[in-house]
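A short write-up of the structure that comes next.
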Amino acid sequence: MKGSFVARRLATASITILLIVLLNFVLFRMMPGSPERILLGRSAGVTPELLAAKREQWGLDKPVFPDQFVAYLGATAQGDLGFSFLARGKDVTEVLGQRLWPTLLLFGLGEIIAIVVGLALGAYSGWRRGGAVDHLGNAASLILYSMPYFLLGMGLLLVFASALGWFPTYGMYTPGMTYATPWDQFLDLASHLVLPVATVALGLIGQYSIVMRSSVVETMSEDYVTTARAQGLTDTRVLRAHALPNALLPTVTLIAINLGYVVAGAITVEVVFNWPGLGTLTVEALAARDYPVLQGVFLLLSVSVVFFNLMADFVYGFLDPRVRT
Amino acid sequence: MTAGQATAGTVARVRARRFGGAAAALRSLLARRDGLIGIALMVFFTVLALFPTLLVGPLETAITATGPRLSPPSPGYPLGTDELGRSMVNLTVHAARVSMVIGMLATVITVGVGAGLGIISGFVGGRTDGLIMRIADFFLVIPTFVLAIILTSLIRDALGGGSTELLGIRVSLLAIVVVIGITSWSSTARIIRSQTLSLRERAFVDRARVIGSGGGHIMRIHILPNVVNLVVANAVLVFAGAVLTETTLSFVGLGDPFQPSWGQILDSARQVGAPGLGAWWYFVPPGACIVLVVFAFTLVGSALDDLLNPRRRARR
Chain B
32 MKGSFVARRL ATASITILLI VLLNFVLFRM MPGSPERILL GRSAGVTPEL
82 LAAKREQWGL DKPVFPDQFV AYLGATAQGD LGFSFLARGK DVTEVLGQRL
132 WPTLLLFGLG EIIAIVVGLA LGAYSGWRRG GAVDHLGNAA SLILYSMPYF
182 LLGMGLLLVF ASALGWFPTY GMYTPGMTYA TPWDQFLDLA SHLVLPVATV
232 ALGLIGQYSI VMRSSVVETM SEDYVTTARA QGLTDTRVLR AHALPNALLP
282 TVTLIAINLG YVVAGAITVE VVFNWPGLGT LTVEALAARD YPVLQGVFLL
332 LSVSVVFFNL MADFVYGFLD PRVRT
Chain P
248 MTAGQATAGT VARVRARRFG GAAAALRSLL ARRDGLIGIA LMVFFTVLAL
298 FPTLLVGPLE TAITATGPRL SPPSPGYPLG TDELGRSMVN LTVHAARVSM
348 VIGMLATVIT VGVGAGLGII SGFVGGRTDG LIMRIADFFL VIPTFVLAII
398 LTSLIRDALG GGSTELLGIR VSLLAIVVVI GITSWSSTAR IIRSQTLSLR
448 ERAFVDRARV IGSGGGHIMR IHILPNVVNL VVANAVLVFA GAVLTETTLS
498 FVGLGDPFQP SWGQILDSAR QVGAPGLGAW WYFVPPGACI VLVVFAFTLV
548 GSALDDLLNP RRRARR
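If you're matching them up, the sequences are chains B and P in order.
For the first sequence, position 208 matches number 239 in our numbering, and the numbering has no gaps at all.
For the second sequence, position 152 matches number 399 in our numbering, and the numbering has no gaps at all.
Right under this line is the structure:
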């Protein structure tokens, strides 16, 4: 039984990834201009002979399906995503690699803070339903939910960077700065990180606390919680040992599913703070119509989201044996 | 009395009951505090979107702008001006029309596609159902925003520039409408499908089938009217999402400077560096409008959900 659960989830994830690659291939064919021109970039001195040579090299003289698609699949599997227009013919994989770490840092930190604070806030307001924290948290969550991430970022930038001058307004490091010690460099990075991370965390806290709250409220009406109460256990013990472990279950899946939406927020937050990650790369590529880079970003982000969803499924299956059927 | 008359009478009665139901739903919506606040905000922004020229005059351009550049609010310019000297009041009110019309068109496409596929998926079942739901899941999982960015710019490149308009919206912005529709129909389809699954088992569907109605007829005449409530409640929430998506797409540079939406204004504000310069009047008005509109539609949408969805009603 257990084996089939893992196998089924793996199969679904593989099909999804295959569909993403197929979609990318279709988009690649939809691009303005012929593929060989795109592959050659906007370099000057393209002769008909060179075009023909390229066409043969890339298999463009063969039928679109299945030959070209299979070739595309093979190239993608090997990490060959084509060349960037913007970065003057550099590999897309290389360009993505450079921009990946700032994004991971920003969103990793933001996610962790949001999960801890959001789940705690949600659990507390669900537990003390109708209390002051619940009312305040509900209103704040709804407003944060209605607000695009970048607007929140612009607001924080206005108050804490422009008006109060506590934090720098853009970038990852102060430009032109030389550091005496690695510690100084770290401090500079940290001060640049505060506002973007706060934006990401605040944007997510609202969602996570709403989910956690309703999950706790639902769990509280279960029979085993009533039983635990009837046994005379203290309130905190009922919450910690009986209600919380079960209430946490649905949030695992929801956090993973939310990742796809978080990506949109990611892009805009980076743009507001000029954070040199995948988000600003996307906007730069968009302005230059650098489709290979855009598709690379799409592929990378989609595959990561599918991967994290798969992980969430396994974690869920591990925590809750009922779904392993 | 002939059979034709009886049918006509029945149809009229059913129709009356349905409209009565809609009026009753509106009444109970207005009786709730969240419903009332939401509806009031919706009416306010709808008026702004319908009569921008009547309220603040024609949209100012770089040529017709008369104000000082990037100046804070003053008696002549209650919300200040942008870097071209245009009044922020004028810009924000005109942007209401662009943002709301795009949101509305995108909602029509999203809900139309979602409800259509949801009904077919639930009613036909089998392989069709499996295929449609697979595709829906795919769109639920992948980061649709990045796909939307790529699709919008591809469609725009393919269409080229142009001054053709639909409902006062330029073709370049219609690409956004279509893309929002393509990328966000799946949650509607899921909701409508599950409702259709339960409707399919009802006696009136069996009755229709027994007297020889075809699948298309049953879906149109018997299933569709019974999911309309759900579709409306969902459409209100979809609208909120569509406005947010449009804003975000415009903010990353896919807006049209000649026809600014709220997101487009925010994009210009960012490019000028308004937050860093402390020019709050440049982005707070459009930003507040977005938050209020999304807030209003979310309030009304979840209130409708509470009223129409018996499971949620019981839980309260």
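Even glycine gets a Cβ: it sits at the ideal position worked out from N, Cα and C.
Fair warning: this is a prediction, and the values are worked out from it, not measured in the lab.
Indicate whether at least one CB of chain P lies closer than 8 Å to the CB of B/Val337.
So yes, B/Val337 belongs to the interface.
Between the Cα of B/Val346 and the Cα atoms of B/Gln326, B/Leu224 and B/Thr284, which residue gives the shortest distance?
Cα-wise, what sits closest to B/Val346 is B/Thr284.
For P/Thr328, name the three-state secondary structure that DSSP assigns.
In this structure, P/Thr328 counts as strand in the three-state DSSP scheme.
Between B/Asn340 and chain P, is the shortest Cβ-Cβ distance under 8 Å, so that the two count as touching?
Interface residue, yes.
Considering only C-alpha positions, which residue in the set P/Arg280, P/Tyr324, P/Thr375 and P/Phe498 is nearest to B/Val300?
By alpha-carbon distance to B/Val300, the top candidate from P/Arg280, P/Tyr324, P/Thr375 and P/Phe498 is P/Phe498.
DSSP state of P/Met289, grouped into three classes?
P/Met289: helix per DSSP, three-state reduction.
Boundaries (first-last residue) of the alpha helix (DSSP H) holding B/Tyr201
Neither: B/Tyr201 is in no alpha helix (DSSP H) and is coded neither H nor E.
Excluding the five sequence neighbours on either side, which residues of its own chain have a C-beta within less than 8 Å of the C-beta of P/Gly304, listed in chain order?
Once the five neighbours on either side are set aside, the close Cβ partners of P/Gly304 are Asn337.
Hey, how far is the Cα of P/Gly320 from the Cα of B/Pro133?
Sequence check: residue 320 of chain P is Pro here, not Gly. If I take the Cα positions, the gap works out to 38 Å.
At a Cβ threshold of 8 Å, is P/Pro522 touching chain B?
Judged by the 8 Å Cβ criterion, P/Pro522 is in contact with chain B.
Once you ignore the five residues that flank B/Leu220 on each side, which residues in its own chain have a CB closer than 8 Å to its CB?
Taking B/Leu220 as the centre and dropping the five residues before and after it, the same chain places the C-beta of Met203 and Tyr204 closer than 8 Å to its C-beta, in chain order.
CB P/Ile427 to CB P/Thr492, shorter than 8 Å?
Taking 8 Å as the Cβ cut-off, P/Ile427 and P/Thr492 qualify as a contacting pair.
Under a CB-based cut-off of 8 Å, is P/Val393 close to chain B?
Yes, P/Val393 lies at the interface with chain B (some Cβ there is under 8 Å from its Cβ).
Could one say the Cβ of B/Leu47 lies closer than 8 Å to chain P's Cβ atoms, at least one of them?
This sequence places Thr at residue 47 of chain B; Leu is not what is there. For B/Thr47, the nearest beta carbon of chain P is closer than 8 Å to its own beta carbon.
Rounded straight-line distance, which links the Cα of P/Pro533 to that of B/Ser222
Here the alpha carbons of P/Pro533 and B/Ser222 stand approximately 29 Å from one another.
Beta carbons nearer than 9 Å to chain B: which residues of the region 367-393 of chain P have them?
Answer in chain order: Arg381, Ile382, Asp384, Phe385, Leu387, Val388, Ile389, Pro390, Thr391, Phe392 and Val393.
Buried or exposed: where does P/Arg562 fall if 16 or more other Cβ atoms within 10 Å of its Cβ makes it buried?
Here P/Arg562 scores only 43 on pLDDT, less than 50, and its place in the model is too uncertain to base an answer on.
Can you pull out the residues from the region 320-333 of chain B whose beta carbon lies closer than 8 Å to at least one beta carbon of chain P?
Listed by position, the residues of the region 320-333 of chain B near chain P (Cβ gap below 8 Å) are Arg320, Tyr322, Leu325, Gln326, Val328, Phe329, Leu332 and Ser333.
Indicate the three-state DSSP secondary structure (helix, strand or coil) for P/Ile416 in the structure shown.
Strand, per DSSP.
Report back the beta-carbon spacing between B/Leu58 and P/Leu406 to the nearest angstrom; my notes put them in contact at under 8 Å.
That pair is no contact at about 16 Å.
Going by DSSP, what residue range makes up the alpha helix (DSSP H) through P/Glu202?
Look at the range of chain P in this structure, 248 to 563, and you will see that residue 202 of chain P is not part of it.
Locate the alpha helix (DSSP H) running through B/Gln238, then write down its first and last residues.
Looking at the DSSP string, the run of the alpha helix (DSSP H) that includes B/Gln238 is Pro213 to Met251.
Quick check: is the beta carbon of B/Thr313 nearer than 8 Å to any beta carbon in chain P?
For B/Thr313, the nearest beta carbon of chain P is closer than 8 Å to its own beta carbon.
Would you call the region 538-553 of chain P and the region 161-181 of chain B touching, i.e. three or more CB-CB distances under 8 Å?
Under the three-pair Cβ rule at 8 Å, the region 538-553 of chain P counts as touching the region 161-181 of chain B.
Give the C-beta separation of P/Gln442 and P/Leu477 to the nearest angstrom, bearing in mind that I take them to be a contact with Cβ-Cβ under 8 Å.
Cβ atoms of P/Gln442 and P/Leu477 come within 8 Å of each other, at about 6 Å.
What are the boundary residues of the alpha helix (DSSP H) that B/Trp132 is part of?
B/Trp132 -> alpha helix (DSSP H) spans Val123 to Trp158.
Does the beta carbon of B/Ala343 sit closer than 8 Å to a beta carbon anywhere in chain P?
Taking a beta-carbon distance threshold of 8 Å, B/Ala343 does not count as an interface residue toward chain P.
Should B/Thr47 and B/Val337 be called a contact, given that it needs their Cβ atoms to be closer than 8 Å?
Closer than 8 Å, so yes.
Would P/Thr545 count as contacting chain B if we go by Cβ distances under 8 Å?
Yes, because at least one Cβ of chain B sits closer than 8 Å to the Cβ of P/Thr545.
Integer Cβ distance of B/Phe329 from P/Ile382, believed to fall under 8 Å:
With 8 Å as the limit, B/Phe329 and P/Ile382 do not qualify as a contact, their Cβ atoms being about 17 Å apart.
With burial defined as no fewer than 16 other Cβ atoms inside 10 Å of the residue's Cβ, what is the status of B/Trp306: buried or exposed?
Buried.
Is P/Ser515 close to the ligand NAP? I mean its beta-carbon at under 7 Å from any heavy atom of the ligand.
Among the components of this structure there are no ligands whatsoever, and the ligand NAP is therefore not found.
If the cut is a Cβ gap below 7 Å, which residues of chain P does B/Ser177 touch?
Within chain P, the residues placing a beta-carbon under 7 Å from that of B/Ser177 are Val538, Val541, Phe542 and Thr545, ordered along the chain.
Which partner residues does B/Phe114 have in the DSSP bridge list?
Within the DSSP bridge table, the entry for B/Phe114 names B/Asp122 as partners.
Is the number of C-beta pairs between the region 279-295 of chain P and the region 340-350 of chain P that are closer than 8 Å three or more?
Yes, since at least three Cβ pairs between the region 279-295 of chain P and the region 340-350 of chain P fall closer than 8 Å, the two stretches touch.
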